[in-house]
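Asks: Sharing a structure with you now.
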Amino acid sequence: MMTNVFIISAPSGSGKSTLVGRIRDTIPNLEFSISYTTRKPRGAEQDGREYSFVSRDEFEAMIRRDEFLEHADVFGNYYGTARRFLQKAEENGSDLLLDIDVQGAAQIKGKLPDAVSVFIMPPNRGELEQRLRKRSQDAESVIQRRLEAAAREIENYRKYDYILVNDRLEDSVDALKAILLSERQKRDGQPDAELLAKAERCRLERIRERLQPILQSFQKTAAGGGK
Ligand code: ADP
Ligand code: 5GP
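Last residue of the sequence shown: 361 in our numbering, with the numbers rising by one and none dropped.
Okay, structure coming up:
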């Protein structure tokens, strides 16, 4: 069996970790790449579970040894996907899921054109701000920086194969499962029609209209907020 590589990107606070956590236990033969990062652990995060937390020196040594499939600077910290996670998934005959930013997604698509990418969108800017606050593990300045970054990240939505607006969590979990399972079935032969239909609802041409007010909610503040 060939390893399918799935990329998930989202502006911080959109609910990506929540969604990924929900599918983690329900989809068999799906491995999760644990990224390396130089940022400090947040809340209950544990080294080797959410991330492998390393120093800048250690990260730069890994870059020199060419251990990364991709790496990027996000919010002033390094983040990277180690090559060995892909090798391990291939050896195990599993699929691999990467939770990485838009820069990393572009690097992976360059190297692995068959990788399937999903962009998770918040329902609008106000809701994203509320979710970032609800999580409230970041300082106010960090929240503001992340909202500004979100406006820029969202502009990359067209580069993704699927776009999932994370409004109602249960619907989003369902849609994400449908995308992963139908893509897997497409590789193996005939996909289930119902799953395929559910996944296809997350194609750009299908949600263009729904996206307009979301994009606008981010543009207004970007223009009005100054620098
Ligand atoms: P991310 O990983 O994208 O930074 P999180 O998964 O940490 O985001 O979610 C940010 C906050 O929003 C959390 O408090 C989470 O419980 C909440 N959240 C996630 N998805 C939804 C949703 N569909 N509806 C309402 N709240 C959500
Ligand atoms: P956070 O600090 O909120 O966990 O993550 C910040 C951003 O870094 C998110 O967009 C997340 O997807 C991204 N990210 C996490 N791991 C990697 C990685 O290995 N490579 C890249 N390029 N981005 C990553």
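Quick reminder that beta carbons are idealized off the backbone N, C-alpha and C, glycines included.
Only a predicted model underlies this, so the values are computations on that prediction, with no experimental measurement involved.
Report the rounded CA-to-CA distance for proline 256 versus valine 276, giving the unit in angstroms.
Replies: Roughly 18 Å separates the two Cα atoms.
Asks: Taking its Cβ as the centre, do 16 or more other Cβ atoms sit within 10 Å of glutamate 328, making it buried, or is it exposed?
Replies: exposed
Asks: With hydrogens ignored, establish whether the beta-carbon of leucine 232 is closer than 6 Å to any heavy atom of the ligand ADP.
Replies: For leucine 232, the shortest C-beta to heavy atom distance toward the ligand ADP is 6 Å or greater.
Asks: Tell me whether valine 310, by its Cβ, gets closer than 6 Å to a heavy atom of the ligand ADP.
Replies: Contrary to the premise, residue 310 reads as leucine rather than valine in this sequence. No - the ligand ADP has no heavy atom lying nearer than 6 Å to the Cβ of leucine 310.
Asks: With distance defined between alpha-carbon atoms, name the residue in Arg190, Tyr291 and Ser306 nearest to glycine 149.
Replies: Ser306
Asks: Given 6 Å as the limit, tell me if serine 151 has its C-beta closer than that to any heavy atom belonging to the ligand ADP.
Replies: yes
Asks: Please say whether serine 169 and threonine 215 have beta carbons closer to each other than 7 Å?
Replies: Yes, the Cβ-Cβ distance between threonine 215 and serine 169 is below 7 Å.
Asks: Assign glycine 358 to one of three DSSP states: helix, strand, or coil.
Replies: Any answer about glycine 358 is weak, because its pLDDT of 46 lies below 50 and its placement is not dependable; what the coordinates show is given next. Reduced to three states, the DSSP call for glycine 358 is helix.
Asks: State the beta-bridge partners of asparagine 211 as determined by DSSP.
Replies: Val208
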